[in-house]
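First residue of the sequence shown? That's 973 in our numbering, and the numbers climb one at a time after it. We put the CB at the ideal spot given by N, CA and C, even for glycine. Inspection log for the structure reproduced underneath, given as structure tokens.
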Amino acid sequence: MDSLALTKSLEDYLEMIHMLQKEGGKVRVKDMSTALSVKMPSVVKAITLLKEQNLVVQEPYGDIELTPVGEKMAKKILARHLLLREFLINLGVSKKIANEDACLMEHILSPETLERIEEFNQNFKINLK
């Protein structure tokens, strides 16, 4: 499944599940609601949609877990976010704004643009040495 098939919102949910799992292992609807500043019914709806695409599993009222496919996709989304955040910081944008803008940009840029940004970041590091 291509990540482009997901909405921006569902990509954000996948990314957050991955980050919360890395932090503490277990992810609950309440955790997601707090982390994303959304209401719990919104989380339940998103998790239902992610379950339909076999990206997460959840027993009723249980912890949310990424499937192997969901984890792969979440890692790809997070990597995009980190790449863009690094790019913006390299341009001199503050870390806070870079993080916020990267979250918006990660959903709309083409693979070609992301490749060029990755090359830019690598060249930037080389030129700093």
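Cα-Cα separation between residue i and residue j, rounded to whole angstroms
{"i": "VAL1028", "j": "PRO1040", "result": "9 Å"}
{"i": "LEU1060", "j": "LEU986", "result": "23 Å"}
{"i": "MET1012", "j": "LEU1100", "result": "45 Å"}
{"i": "GLN1030", "j": "LYS1023", "result": "8 Å"}
{"i": "GLY1064", "j": "ARG1057", "result": "11 Å"}
{"i": "LYS980", "j": "GLU1091", "result": "25 Å"}
{"i": "LYS1044", "j": "HIS1053", "result": "14 Å"}
Beta-carbon contacts of residue i that lie in its chain and below 7 Å, excluding the five residues immediately before and after
{"i": "LEU1021", "result": "LEU982"}
{"i": "ASP984", "result": "LEU1008"}
{"i": "ASN1062", "result": "ASN1093 and PHE1096"}
Residue range of the unbroken beta strand (DSSP E) whose run includes residue i
{"i": "VAL1029", "result": "1028–1030"}
{"i": "ILE1036", "result": "1036–1038"}
Three-state class that DSSP yields for residue i in the structure shown
{"i": "THR979", "result": "coil"}
{"i": "TYR1033", "result": "coil"}
Cutoff 8 Å; reference residue i; Cβ partners in own chain excluding five residues on either side
{"i": "LEU1050", "result": "GLU987, HIS990 and MET991"}
{"i": "GLN993", "result": "VAL999, GLU1037 and LEU1038"}
N-terminal and C-terminal residue of the alpha helix (DSSP H) that residue i is part of
{"i": "GLU1072", "result": "1067–1077"}
{"i": "ILE1080", "result": "Here ILE1080 belongs to no alpha helix (DSSP H), and DSSP marks it neither H nor E."}
Residues near residue i by beta carbon distance below 6 Å, same chain, minus five either side
{"i": "ASN1071", "result": "ARG1057"}
**Segments of 4+ residues assigned as alpha helix (DSSP H) that fall wholly inside the region 999–1025** = 1001–1008 and 1012–1024
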